[in-house]
Every structure is written in structure tokens, then in C-alpha cells.
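Under UniProt numbering, think of the first position of the sequence shown as 244, with each following residue one higher. Glycine included, each C-beta is placed from N, C-alpha and C at the ideal position. Treat the numbers as computed from the prediction; the structure is a model and nothing was measured.
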Amino acid sequence: DKGNHRHFMLKEIYEQPEVVGHTLGAFVDLTTGRTRLPASASIDFSTVGRMALSACGTGYYAALVGRYYFERYARIACDLDVASEFRYRESPLDDVDLALFVSQSGETADTLASLRHAKAEGVDTAAIVNVDESTIAREAAHVLPTLAGPEIGVASTKAFTCQLMALAALAIRAGVAKGRISPAQELELTRTLQEAPRLVNEAIKLESQIEQLAREMATKSHALFLGRGFSFPLAMEGALKLKEISYIHAEGYAAGELKHGPIALIDDTMPVVVIAPHDRSFEKTASNVQEVAARGGKIILLTDARGAAARIVDEAYTIVLPEMPEILTPIVYAIPLQLLAYHTAVQMGTDVDQPRNLAKSVTVE
Ligand code: F6R
244 DKGNHRHFML
254 KEIYEQPEVV
264 GHTLGAFVDL
274 TTGRTRLPAS
284 ASIDFSTVGR
294 MALSACGTGY
304 YAALVGRYYF
314 ERYARIACDL
324 DVASEFRYRE
334 SPLDDVDLAL
344 FVSQSGETAD
354 TLASLRHAKA
364 EGVDTAAIVN
374 VDESTIAREA
384 AHVLPTLAGP
394 EIGVASTKAF
404 TCQLMALAAL
414 AIRAGVAKGR
424 ISPAQELELT
434 RTLQEAPRLV
444 NEAIKLESQI
454 EQLAREMATK
464 SHALFLGRGF
474 SFPLAMEGAL
484 KLKEISYIHA
494 EGYAAGELKH
504 GPIALIDDTM
514 PVVVIAPHDR
524 SFEKTASNVQ
534 EVAARGGKII
544 LLTDARGAAA
554 RIVDEAYTIV
564 LPEMPEILTP
574 IVYAIPLQLL
584 AYHTAVQMGT
594 DVDQPRNLAK
604 SVTVE
């Protein structure tokens with residue numbers, strides 16, 4: 244049931260404040276502010292020195308954010324592969340203490356094959372899954388549920404932000420277990436995570452502004468998405484979302500990679516979406532944006548009030564999000580990217596919930 248919404252995708256975008264909050268509750272005791280694991284998992288992170296993360300598509304971009312979280316907050320080194328490569332690249336797993344898989348459906352064939360491979364190699368396994376009676380949930384040693392509820396739209400939205408929430412809370416949990424995060428810091432970080440539903444809701448309120456922007460985007464045949472640090476995976480996810488449902492060719496890059504090739508694509512017809520909260524990466528991203536502007540690229544800047552006030556270029560279509568601690572930016576900045584893809588697709592008249600050639604769950608390798 245789509246409720247009052249025209250598509251499941253839009254309904255699912257609007258559900259995010261609620262389901263992100265629910266998912267947080269699975270990993271944080273909201274009365275004490277302490278991280279915890281659900282009953283279906285018993286991971287002792289104090290003994291985890293190295294992790295292998297693997298997933299497909301949007302789950303892979305969530306895992307990429309997860310790697311930044313685990314390395315930053317718990318100092319756990321993370322290997323990361325798309326599942327179709329993890330299974331076959333014969334990476335030695337002897338020093339991997341935990342293999343973590345991320346899947347909405349819990350049925351993705353490549354992710355399942357990778358999970359089985361890790362188990363066969365004797366590695367402890369955990370899965371962040373949205374469907375708790377799925378094959379991956381049954382076979383993983385530890386199950387870490389996202390509480391997004393059923394996701395019908397083929398383009399993943401609420402499952403992604405719930406995966407990010409689970410990963411953020413787990414990274415804090417791991418940091419505490421490894422003595423990298425003090426009890427006071429744990430409380431501060433979980434209090435920050437509790438701000439996510441409100442901030443996601445603020446981001447949803449930008450919809451009409453993004454709809455305007457989508458009218459312009461719908462006239463383009465290519466787009467670039469750039470981000471650094473925590474925003475790099477978001478650039479990839481924003482590009483994936485746009486190409487999946489609007490069929491506009493889009494690429495996401497680490498902003499610093501621009502001058503190593505893709506800058507050749509920039510001319511005055513190229514929209515460049517830049518994800519740039521005013522975080523520790525901001526100054527560096529700003530200089531990349533200036534390089535794009537100098538070549539006539541049309542900049543769409545997702546930032547906050549401080550980032551907008553920095554006036555890094557003369558001309559940009561700027562979308563101003565609330566200011567927030569860094570750990571929340573991937574979750575909140577996902578929203579305008581989803582809305583941009585959604586409204587561009589609506590403008591173009593494509594089948595938003597059932598895009599051509601795609602299936603919700605990919606059960607063949
Ligand atoms: C993107 C999308 C796909 C899935 C991928 C993995 O919007 O939906 O890229 O993320 O097929 O699916 P799950 O998470 O079910 O393993």
C-alpha cells in the first residue's frame with residue numbers, strides 16, 4: 244500500500260525518520276545510551292583486529308561507509324569487496340577475524356556465496372539483513388537486523404539508511420570494546436545518533452527545492468557525483484540511484500580522483516553534484532569544486548550553512564542541509580540524493596518502482 248504517495252519509493256523515503264530510529268533502538272539502549280547487540284548476535288569486538296566487508300550494489304556503498312566508521316571509531320582495519328569479487332579473488336582470510344555482509348533481501352546470490360566461502364574458510368560471520376527469515380540471516384553466525392520494514396521499490400532507500408545506522412552503532416560498540424571510545428564518548432556518540440530521525444526529517448523538507456533541480460537534471464544525459472571521506476560512498480550511491488531509475492548516465496568519484504581523469508568530461512553541459520558537509524574534508528573538496536567551476540561545470544552543492552557561507556564558487560545551485568556531527572552526514576545526505584533521483588525519474592516518466600532490467604532481489608550470480 245503506497246498510502247498517499249504516488250510511488251513506493253517516495254513512501255519509503257518518507258518512512259526513513261521512523262525506521263532509522265527503530266534500527267538505532269536495536270543497537271543502542273535508548274534509556275542508558277549504551278550500545279548493545281541484538282540477541283541474534285554475540286560478537287566480541289575486543290578480539291577483532293581485521294574485518295572483511297562485502298555486499299552488492301547499494302549494500303556495498305553502505306559497507307564502504309561502514310569501513311570508514313570502523314576504521315575511524317574502532318581502529319579495526321577493513322577489507323572491502325563487492326561480493327562477486329570477494330568470492331573469487333582468493334584473498335587469504337587467515338588474519339580476518341570477522342566477515343561482515345550487508346544485504347537488504349538476504350537472498351543476493353553473490354553475497355550468499357561469499358558468506359558460504361567465508362564460513363568454509365573458518366572465518367566468523369555476521370550479516371546486516373533486513374529480512375530476518377532470509378537465507379543469509381539463517382546462515383550467518385551473527386545476525387544484525389535492520390528494521391526498515393518491507394522495501395518494495397527496486398531502488399533501495401530506507402534499507403540503505405538503516406544499514407548506515409546499524410554500521411554506525413556497531414562501530415561505536417566496537418570502539419568501546421577495543422578501549423578506543425570512553426564511556427563518556429560512547430554516550431555522546433549515541434546521543435548524536437539519536438538526532439538522526441529529526442535531521443532526516445529536516446532533509447526530507449528540502450523536497451520541493453530538489454524537485455525544481457530535478458527538472459533541470461531531467462534534461463541531461465550525464466552527471467558526475469563527487470565526495471570525499473564519509474561523503475565518497477554517498478557520491479557512488481547518488482550516481483547509482485540516478486542511473487537506476489532515470490537512466491541518466493551517472494558516475495560517482497572520490498573528489499580527489501577528479502584530476503586523474505574525469506575532469507576531462509567537464510564542460511558547460513555537465514552537472515556535477517558535490518556532497519560537501521563542512522567536515523574535515525571540506526577545504527579539499529572545495530578546491531576540487533573550484534576546478535570544476537573553472538571549466539564551466541554546473542555545480543549542485545549539497546552542504547550546510549557553514550559550507551554555503553564559504554562561497555567556494557560564484558555560481559552553484561546550493562542545497563543547504565542542517566549542520567550535524569560527521570558521523571551522521573552519510574545518513575542525512577542520502578536523502579537529497581534519493582529525492583533527486585526520484586524526481587528526475589518522475590520528470591522523465593520512467594517506471595520508478597520497477598525500473599527496466601532490474602530485479603529487487605538478484606538470486607543468480
Ligand atoms: C540499488 C539496489 C541494488 C541492491 C543490490 C543488493 O538501489 O537496490 O543495488 O542494493 O542488488 O541487494 P541486497 O541488499 O538485497 O543484497
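By the Cβ-count criterion, ASN247 is exposed, with fewer than 16 other Cβ atoms from all chains shown falling within 10 Å of its own Cβ.
Relative to the ligand F6R, THR354 has its C-beta within less than 8 Å of a heavy atom.
ASP353 carries a helical assignment under DSSP once its states are collapsed to helix, strand and coil. Relative to the ligand F6R, the beta carbon of GLY495 is positioned no closer than 8 Å to any heavy atom. Per DSSP, THR378 is not a residue of any beta strand (DSSP E); the alpha helix (DSSP H) it occupies stretches across 378 to 382. For the pair ILE488 and VAL397, the CB atoms are nearer than the 9 Å cut-off.
One alpha carbon belongs to ASP244, the other to LEU564, and they sit about 30 Å apart. In this structure, ILE578 lies near ILE256, with their beta-carbon atoms less than 9 Å apart.
Relative to LEU485, the option among PRO440, MET460, CYS321 whose CA is nearest is MET460. For MET294, DSSP records a beta bridge to CYS321, LEU341.
In the DSSP annotation of this structure, the continuous segment of the beta strand (DSSP E) that includes PRO388 starts and ends at 385 to 388. In the DSSP assignment, LEU467 falls within the beta strand (DSSP E) that extends over 465 to 470. Annotated three-state conformation of GLY495 is strand, per DSSP.
ILE543 and VAL517 have their C-alpha atoms some 6 Å from each other. Taking 8 Å as the cut-off, the C-beta of GLY349 counts as close to a heavy atom of the ligand F6R. The secondary-structure analysis by DSSP pairs LYS541 across a beta bridge with PRO514. Secondary structure at SER327: helix, using DSSP grouped into helix, strand and coil.
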